[in-house]
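Before any comments, here is the structure.
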Amino acid sequence: MKSFFKINTRFLLITLSILIAATISISGASATVYDIGDGDSIQSIQNKIDSSVDGDTINFKGVVYNNVNLAVNKSLNLKSDVGTTFKATSKLNDTSASSKYVLDNQANASSKYAAAIYLVEGSSKTNISGFNFVGTYADEDSTFIYGGQKISDITIANNNFTGNGIFTAVNFYGGTSSNGSSSISRLLVENNTFKDFNTSGGNNGAIYFRGVNNLIFAHNSVFNITGNAVQARDVSDSKYLYNNFTNVQGGGSRSGISRVGANGVVDHNIFDACDFGIWVNNAGVNATYNEFKNGITAGIDGSKLDNCSFNLFLNLPAGFNKQTDDQTALYDYGEGNVFYNVIKNVVENTHHGDPLQPANLTISSELSSNSVEQNKNLTYIIKLLNSGNFSAKNIAIKVNIPAGLEVVYNYPSNGNFDIEDNYWYISSLTENTESVLTLTLNALTSGDNYILNASGDYDKGLLIQNITSTEDSLSYLNVTNASTDINNTNNSTNSGDVVKPKTATKIVVSKANGKYSKNVKLTAKLTDNSGKGISNEYVEFYINGKSIGIGKTDSTGYAYLNYNVTKTGKLNITTKFIGDSKYTAINNSNILSVPKYAGITIENIKEGSGKTVKFHVIVKNSGPDKASFKVSLKIPSGFKFTKITKKNSAMKVEYNKKTRTATFTLKSFGVTKKHTTSMVITTKANKTGSYSFKPKVTTPKGLYILSNNKVTYKVK
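Below, the structure written as structure tokens:
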């Protein structure tokens, strides 16, 4: 079974025992613990590291080690339970280790970094915890921990870093956006203290990350920093920087967190005495519930970004510098940006919201019955809930199906179920959502106490925490010997026991009306032959013959299922009850009516400068249905119409000189994958001023305009 990793530096196997809080022990090859005492030299420590294998522990028991230069090229646990100090008393310039382990992984780099601990290729899944790193002299080429390329799943936790002239505390360099994808993956830095670093002489930070794919920087204290505190440059995919305290002193244009990239999450941090709390250099940022105080020039520096989206919950002091109605603590940002949820003039030190929590999966299950006859079917449902604030990724759940049972049907609401190895794979489960796996099992052989359970692993998306499970024990099932045909004249088994005939059932499906891409609630009622509702039974729903899920009947016999509509027209709803030892099987159908829907996106673009300007009106139909409509764009009097062209032969374009309106018409316009349909209007500006352009669209029934942006143009 392939393991999946996200942030943690060690493999996390989490057994999800159904209906019980289970205690799981992971056994494997015996790891060796190497104790390091006060008398060990740096070379003897390196020898022990070289003699170790993946999974071993290097346990430091000494008080102080001077001028440490150690290279790690395997998965190790480097720890100290006594607060061992690594002190740099002279320049860290040992290049022999660098040469031996090829530590300079910076392509075309002009300089090499010297470090107390080098993490090189092969050191993935290494932990470093419990140390005091102390500098005593100025050296901008030295760092306490350096991570090169081709490493992943590193944890640096519960350490203290004091610069006193050392340029950076940790330096992870996995490459740049210009030389390929990141080569450092899943880095967790938490519960550390960083103080007394001076980075004002360069653009790096006291804590420097570049070319890291998936970074967590959390619960750290960073204070008395001159220059940039944290730099997360060319950091891709997930970027979570939260619950930190950052204090920056001196220097010009210095930031608490610098170069936050696309879709970064900066949450519940306190920024103190920085020029800029957060410097955003591309795409956008989700900055939530951060505090800015004590002389900060601006909370967020947008770095003149254009057409970006920012989700901001900013907690600001009342007298914030450079705070205007337009900027609201945002500095130097470009045109076309959209800002959400900006809070002004909040009293200093007032915190809002709860800190983010990592993905947290819980699992539960239920059987349609704890007893079934041989060769009969029953339903087994596994529910997986993520109660955290972030998505759980790469989920793999092993479902234990005993040999006497066979899976005859599977329906996962998310992901897919591999019937060959009984694994339920889910690529992502978003926060506060639940996924359900429904299995129909056939009892092949009789027996007592069949045990059903599940186990698995997943990427938590943030910090590691133990999974929680619901109460009760594993699911048990008894399979009894099959009875004779109930239509037998003597209604008895071979042993002479009387077999009670099954109760006849009836199922009624309600008609439903839905909207495309929206949820609709489907309803069915299961009753016995007297019309009494049957509770605690499973009803399977189908749309046009395809199963979409299972609902459980309530005390009145009603079963419900929320369905996200993916088609339009008259859709057939079928419900099936497979029956059990007490009730007969039954099915019935009805209609789900969904009106036509054509989702139209209009993108308006200006081209050119000066007097000659072209306006592009680009249309896309995301479907699912065809649509006929007309788009009109009125040319302002400050422009002279030159010509109109089209990029789709199915379009009809025209220009009305009297109304100064350009129009194109589309009939039965089908779904388009790209913006391949457009009208281009060429004009010449003949009057100064500021103008705006936005076409109008006829909206017949079933046509929905998803976007239609306004274009502005200034003529000087």
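For what it's worth, the working numbering labels the leading residue of the sequence shown as 504, then goes sequentially. Note that beta-carbon positions come from the ideal geometry of N, C-alpha and C, so glycine has one too.
- Nearest Cα to Thr1186 within the set Phe1196, Val1116, Ala534 and Thr1180: Val1116.
- With a threshold of 16 other beta carbon atoms within 10 Å, Glu1040 meets it and is buried.
- When DSSP states are grouped into helix, strand and coil, Lys886 belongs to the strand group.
- In this chain, Asp553 is not harboured by any beta strand (DSSP E); it is covered by the alpha helix (DSSP H) spanning Ile545 to Ser554.
- Each of Lys1018, Thr1008, Val910 and Gly891 was checked against the Cα of Leu1206, and the nearest Cα belongs to Lys1018.
- The C-alpha of Phe664 is placed about 32 Å away from the C-alpha of Ser894.
- A distance below 7 Å between beta-carbons, with the five flanking residues on each side excluded, links Thr1145 to the following residues of its chain, in chain order: Thr1185, Thr1186 and Lys1187.
- If you compare the alpha carbons of Asn913, Trp927 and Asn667 with that of Ile898, the shortest gap goes to Trp927.
- DSSP lists Val1120 and Lys1149 as the beta-bridge partner residues of Met1182.
- Asn1047 and Asn1075 do touch by the CB rule: their CB atoms are close to 5 Å apart, below 8 Å.
- About 12 Å separates the Cβ atoms of Ile631 and Ala672, ruling out a contact at the 8 Å cut-off.
- In its chain, beyond the 5 residues on either side, Lys1117 have a beta carbon closer than 6 Å to the beta carbon of Glu1110.
- In this structure, the alpha-carbon of Ile1037 lies about 60 Å from that of Phe774.
- With respect to the 9 Å criterion, Ile657 and Ser686 are not classified as neighbours on the basis of their beta carbons.
- Here Phe634 carries a coil assignment [DSSP, helix/strand/coil].
- Sequence-distant partners of Tyr1045 (beyond 5 residues in either direction) whose C-beta falls short of 6 Å from its own C-beta, in its chain, are Thr1077.
- Its Cα nearest to that of Ser1131, the residue Thr1168 stands out among Lys1021, Thr1168, Asp559 and Val1097.
- In terms of Cα proximity to Ile1010, the closest of Asn1091, Ser931 and Thr941 is Asn1091.
- Taking all protein chains in view, the Cβ of Tyr676 is crowded by 16 or more other Cβ atoms within 10 Å, so the residue is classified as buried.
- In this structure the region 939-955 lies against the region 901-914, because at least three pairs of beta carbons, one per stretch, are closer than 8 Å.
- For the set Ser555, Glu1157, Gly1082 and Thr646, the Cα lying nearest the Cα of Gly708 is the one of Thr646.
- In the structure shown, Gly759 adopts extended strand secondary structure according to DSSP, grouped into three states.
- Cβ atoms of Gly625 and Asn572 stay farther apart than 8 Å, at about 18 Å.
- Between His1119 and Lys1213, the alpha-carbon positions lie close to 12 Å from each other.
- Here Leu955 is actually not in contact with Leu887; their C-beta atoms are around 15 Å apart, not less than 8 Å.
- Leaving aside the five residues that flank Val692 on each side, the residues in its chain whose CB is nearer than 6 Å to its CB run, in chain order, Ile659 and Phe720.
- In the structure shown, Asn716 falls within a strand segment according to DSSP collapsed to helix, strand and coil.
- Measuring C-alpha to C-alpha distances from Ile1105 to each of Asp1083, Lys1133 and Leu1095 identifies Lys1133 as the nearest.
- A straight line joining the alpha-carbon of Thr1166 with that of Ser1140 spans about 17 Å.
- By the 16-neighbour rule on beta-carbons within 10 angstroms, Gln734 is buried.
- Rounded to whole angstroms, Asp1128 and Ile866 show a C-alpha spacing of 39 Å.
- The three-state secondary structure of Val571, taken from DSSP, is coil.
- Leaving aside the five residues that flank Lys879 on each side, the residues in its chain whose CB is nearer than 8 Å to its CB run, in chain order, Asn945, Ala946, Ala985, Asp1083 and Ser1084.
- Note on geometry: alpha-carbon atoms of Thr560 and Val536 lie some 5 Å from one another.
- Rounded to whole angstroms, the gap between the alpha carbons of Asn701 and Ile728 is 6 Å.
- As a beta-bridge residue in DSSP terms, Glu937 pairs with Leu888.
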